Structure formats: structure tokens, C-alpha cells
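**Q** Dumping the structure here so I can ask a few things about it.
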Amino acid sequence: MKTNSSAESDFTRPYAILIIDDSPEIIRVLGQILSDISTVIFALDGPQGLQKALAEDVDVILLDVEMPGMDGYEVCKRLKADPITKDIPVIFITGRTDAASEVKGLEAGAVDFIGKPLNPPVVRARMITHATKKRQSDMLKNLVNHDGLTGVHSRRFFESQFETEWRRHQRQKLSFAILMIDIDAFKNYNDAYGHLEGDICLRKVANALQSGVRRPGDFVARYGGEEFVAVLPHAIHEDALGLGQLICAEVAKLQIPHSHSSAGSFVSISVGASAMIPADELPPTTLVKYADKALYQAKEGGRNQCVFYFPPEKPKESV
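Numbering (the working numbering), first residue to last: 4 to 322.
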């Protein structure tokens, strides 16, 4: 998880530049020009460049237009078609200066061009400009996508990502799950210990939830107030219930005193879980409603537990 503070520290690390060029000499020269302000990663062909763009945390890609096999235009199109790499600025390295070539490059997704022969001050200036813009954009996205108090994902991120996952699992006919999580008697905690202690409690619980959600693709978001939600792609009933029980135990281990809770002497959580293969006729909110039903049952049943709600065999939109 990238917190706000870690996003800010990104500005202090060297730029990461991926050079994709079939000429070792061009790579060597660019490396010399940029070595004092960046970490240089290189690839000698398009397929290798695509792999490295996915594997590395890259600020800018310098891409040769004319390469054997997969040329720069095709590489750029593929980068822009992939959600992971689409926001990385691509600067074409080219000896072509005609308008038609520039238009073709822009249509492929490039943001700028560096002409041959290379002019070191121009190379540095353009690279720094686009790398800085990329980091500023990343920071803004991080602020929007993360909750400022707890550092977990925001409600906005959850709503966007959850709908995407729903549609993906709908197409693939695969089950996925969510957990609705509520800190037991949190209003009483705030009233008894004060809102500053309440904020500390929220952060500790969020960290415990985050530590329990370990599978790639799973994430935790703050749903509102003392409520959180965990999204579990490719998860079935046993996965959801098992994780719900695990995070209940993780929060219990914190042993945060709470003398005003009917659930026990320490801060605890109630968890509602549900999982399903999304039906074509149902909206994404269906699974949220099922998990909410389970959360209600967990609270009514004494709190400090996880309850799973089994969707009906033929679920209806109104639940």
C-alpha cells in the first residue's frame, strides 16, 4: 500500500527511465546524459521493453521509433492499452522530423519527441519535464485514492475498483467476495476516550486489517466513519469467512482498551461477508447489500465475529 507520506517521498528518489532501443550505442549515450539524475533501465527490443515497463516503477519511457520486429509505434500502442502502463509518458527517439511522423507518434500515444542526433540539454529538459509531471499526477491520484487518516484506500477508490472487478468477474464467470467491517461501539469509544484517541484507534485497526489482507489483488478501503470494506477477487465462501475470522483475531490482538463496549473489554470488529458469481442482470451493489445483511447479523448476534451471508440461488436485484 502506498500511503500519502510514501507518495511524497517519491519526489526525492532519482527518476526511473526506461530506454527501449535496439542500438546499444544510443542506450550508452542516453545513459551518460541522464546518469546523474536518473536510474536507467534498458531494453533492446519491443517485447523486452513491454515486460520491463510492467515490472519496473518507471517515470518516463524513451522509445526508439525504428526497431526490427515490433517498432516503436506498436510498442507505444500496447503500453497505452495496458492499465498498468498507460499513464507512463512515452517520448519517441527519432530521426524523422516530418509532420506525418509526428502525427503518427502522437496518435500512438507519445507525449513528445527527441530528435537525432541527440542534444544532451534537450534530452535532459524534456525528460525532467515529463517525469516531474508524472510524479505530480501520481501524487494527486494517491491523495484521491487513499484515506487521509488511515492510509488505506478511499471510498471513491473502492466504488470505482469494485465496479471494475464486478464486471470482470461477470465476464469470467468467477466468484469474488467482499467483507463489510465495523468497529464495535465506536461512538461509545469516541465519547469515552475523545476523538483524538478515536483517530489513533482507527489507524491501528486499519493497519491490522491491511496486515491481514495479503493476497495479490485484495485491498481494504475506508467505507465511512468506523466502517471499512475488503474486496477479495477470485474468492469463494471459505476464503471470505476465513479472512473475516482472521482480521477479527488481528484486531483483538491489538488489545485497545474499550470499557464501554458490550462486545468485550477491548476494541473489536464485526464482519459481514458474502461471495458470489456476478449475474448479468444484477448491479454491483447486490454483493454490498448481501455483505451488509451479514454485518447486521454479526452485530445482532453479539458482535466481535464474522458472519457469512449465502446469496439465494436465484438472487433478485432488490435484496
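Ideal Cβ positions, reconstructed from N, Cα and C, are used throughout, including at glycine.
Nothing here was measured: the structure is a model prediction, and the numbers come from that model.
By Cβ distance below 7 Å, which residues in the same chain neighbour Arg158 in space, the five residues on each side in sequence not counted?
**A** Here residue 158 refers to the residue found at position 155 of the sequence shown. The answer, listed in chain order, is Ala224, Arg225, Tyr226 and Gly227.
**Q** At 4 residues or longer, and completely inside the stretch 182-237: list those alpha helix (DSSP H) runs for me, N to C.
**A** Fully enclosed alpha helix (DSSP H) runs of 4 or longer: 189-196 and 198-215.
**Q** When we look at the beta-carbon of Ala243 and count the other beta-carbons within 10 Å, is it buried (16 or more) or exposed?
**A** On the sequence shown, position 240 is the one that residue 243 refers to. Ala243 comes out buried.
**Q** Kindly indicate the opening and closing residues of the alpha helix (DSSP H) around Met142.
**A** By one-based count along the sequence shown, residue 142 stands at place 139. Segment Pro123 to Asn148, the alpha helix (DSSP H) holding Met142.
**Q** By the 10 Å Cβ neighbour count, where 16 or more other Cβ atoms means buried, how is Pro281 classified, buried or exposed?
**A** Residue 281 sits at position 278 when you count from the first residue of the sequence shown. By the neighbour-count rule (16 or more Cβ atoms within 10 Å), Pro281 is buried.
**Q** With DSSP as the reference, identify every bridge partner of Thr42, one or two as the case may be.
**A** As a position in the sequence shown, residue 42 is number 39, starting the count at 1. Ala19.
**Q** Just tell me which of Thr100, Thr88 and Gly247 has its CA closest to the CA of Ile181.
**A** Mapped onto the sequence shown, residue 181 falls at position 178. Ile181 has its Cα closest to that of Gly247, out of Thr100, Thr88 and Gly247.
**Q** I need the DSSP call for Thr167, collapsed to helix, strand or coil.
**A** Reading the sequence shown from its first residue, position 164 is the one you call residue 167. Helix, per DSSP.
**Q** Let me know if Val234 comes out buried or exposed under the rule of 16 or more other beta-carbons within 10 Å of its beta-carbon.
**A** Along the sequence shown, one-based indexing puts residue 234 at 231. When all chains shown are included, Val234 counts as buried.
**Q** What ranges does the alpha helix (DSSP H) occupy inside the stretch 72-111, keeping only unbroken runs of at least 4 residues that lie completely in it?
**A** With a minimum length of 4 residues, the continuous alpha helix (DSSP H) runs that stay inside the stretch 72-111 are 75-84 and 102-111.
**Q** Between the C-alpha atoms of Tyr192 and Pro50, what's the straight-line distance to the nearest angstrom?
**A** By 1-based counting over the sequence shown, the position of residue 192 is 189. By 1-based counting over the sequence shown, the position of residue 50 is 47. About 56 Å.
**Q** Three or more beta-carbon pairs under 8 Å between the stretch 145-163 and the stretch 104-119, yes or no?
**A** Cβ pair count under 8 Å is below three, so no.
**Q** Tell me the residue span of the alpha helix (DSSP H) that contains Val32.
**A** Position 29 of the sequence shown, counted from the start, is the residue given in the question as residue 32. Segment Pro27 to Leu37, the alpha helix (DSSP H) holding Val32.
**Q** Could you tell me which residues DSSP puts in a beta bridge with Gly275?
**A** As a working note, residue 275 is residue 272 in the sequence shown. Answer by DSSP bridge pairing, in chain order: Met183 and Val310.
**Q** Whether or not the stretch 259-270 and the stretch 168-184 are in contact is what I'm after, with contact meaning three or more pairs of Cβ atoms, one per stretch, closer than 8 Å; do they touch?
**A** No contact exists between the stretch 168-184 and the stretch 259-270.
**Q** Give the range of the alpha helix (DSSP H) segment to which Val291 is assigned.
**A** As a working note, residue 291 is residue 288 in the sequence shown. Its alpha helix (DSSP H) spans residues Thr288 to Glu303.
**Q** When the distance is taken between beta carbons, is Leu33 closer than 8 Å to Leu66?
**A** The residue labelled residue 66 in the question sits at position 63 within the sequence shown. The residue labelled residue 33 in the question sits at position 30 within the sequence shown. No, Cβ-Cβ distance for Leu66 and Leu33 is not below 8 Å.
**Q** Have a look at the DSSP bridge pairing and note the partners of Val63.
**A** Along the sequence shown, read from residue 1 onward, the residue named residue 63 stands at position 60. Answer is Ile20.
**Q** At the level of alpha carbons, what is the spacing between Ile186 and Pro315?
**A** Indexing the sequence shown from 1 puts residue 186 at position 183. Indexing the sequence shown from 1 puts residue 315 at position 312. So the two alpha carbons sit approximately 28 Å from each other.
**Q** Between the stretch 75-85 and the stretch 50-61, can you find at least three pairs of beta-carbon atoms closer than 8 Å?
**A** Yes, the stretch 50-61 is in contact with the stretch 75-85.
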